[in-house]
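Here the structure is laid out as structure tokens; the discussion comes afterwards.
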Amino acid sequence: MRTPFIAANWKMNGTRSEVAELLAGFKAGINTEGRQVAIFAPFVFLPAVQEALQGSDIAWGAQNAHKEASGAYTGEVSLGMLKEFGCQYVLAGHSERRTLFGETDYIVADKVAAALAAGVTPVLCIGETLQEREQGITGEVCRRQLGTVLDVVGVEGFRKLVVAYEPVWAIGTGKTATPEQAQETHAELRAFLAETDADMAAGLQILYGGSMKAANAAELMAQSDIDGGLVGGASLKVDEFTGICNAAAR
Ligand code: PEP
């Protein structure tokens, strides 16, 4: 009942010509039938992404946004601006934003609320550090990250967003969570949300992120609570990202 969703997070990578090549390759190679695919591009490339992808079944979005609509926020970009460039999605709370740019659970929750209010679908990123996993508090950390957002946007908000579970120790490290490890956490998170609303939890797309590649994507996405992937490094290679998308079970 949940459509597979595969998303590319290009982070702060790419040149104009590399972006054009990636987009042409994705358009030619990705089979979007029965799958949702979205590209999260750096802000400056959004006009090029819009030009290349409009009219296709591949959606796009930004990797961050400010919660306010306009004002004296030097260096920031609003959700209204993103909508002008056709963004349907925005990432919220990526671990790099949390650890490198000081985004707390509360800041992330406000961004999710602002995105929902603007009609842009947030992809809410959560996940534990290696230290937290070793301390045995993975579930506690993820529940806190989800719970803070749930308190702000409620069940109705959660019906309109996507969650990406990304163990921080697996992001950009080449260390992927095993399908069993990822499935265990996804199932635990869905069960946690089901305590508030079973129907919302059953319909929520929960993506896995952390060193996903074409070679391990099918096995990860075959798990019953893994509904797709948020892909960093491998989304900068046409064959890899195309392979991941086309491996998503329909
Ligand atoms: C990410 O940035 O969300 C991510 C999962 O990165 P990578 O695939 O490179 O681990």
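When we follow our numbering, the leftmost residue of the sequence shown carries the number 1328, and every step to the right adds one.
Virtual Cβ for every residue (Gly too), placed ideally from N, Cα, C.
Predicted, not measured: the structure shown is a model, and the values here were computed from it.
Within 8 Å, strictly: CB atoms of Ala1576 and Met1539: no
Segment limits, beta strand (DSSP E) that includes Cys1452: Thr1448 to Ile1453
For Leu1534, the residue or residues it bridges with in DSSP: Ala1491
Candidates Gln1458, Tyr1416 and Leu1427, of which the one nearest Ala1441 by Cα: Tyr1416
Test item: CB-CB of Gly1537 and Pro1494 under 8 Å: yes
C-beta atoms of Val1479 and Ala1436 nearer than 8 Å: yes
Cβ-heavy atom distance, Gly1537 to the ligand PEP, below 7 Å: yes
Check whether Ala1392 and Val1404 have beta carbons under 8 Å apart: yes
Cβ-heavy atom distance, Ala1386 to the ligand PEP, below 7 Å: no
Where the beta strand (DSSP E) through Ala1445 begins and ends: From DSSP, Ala1445 is part of no beta strand (DSSP E) but of the alpha helix (DSSP H) over Asp1432 to Ala1445.
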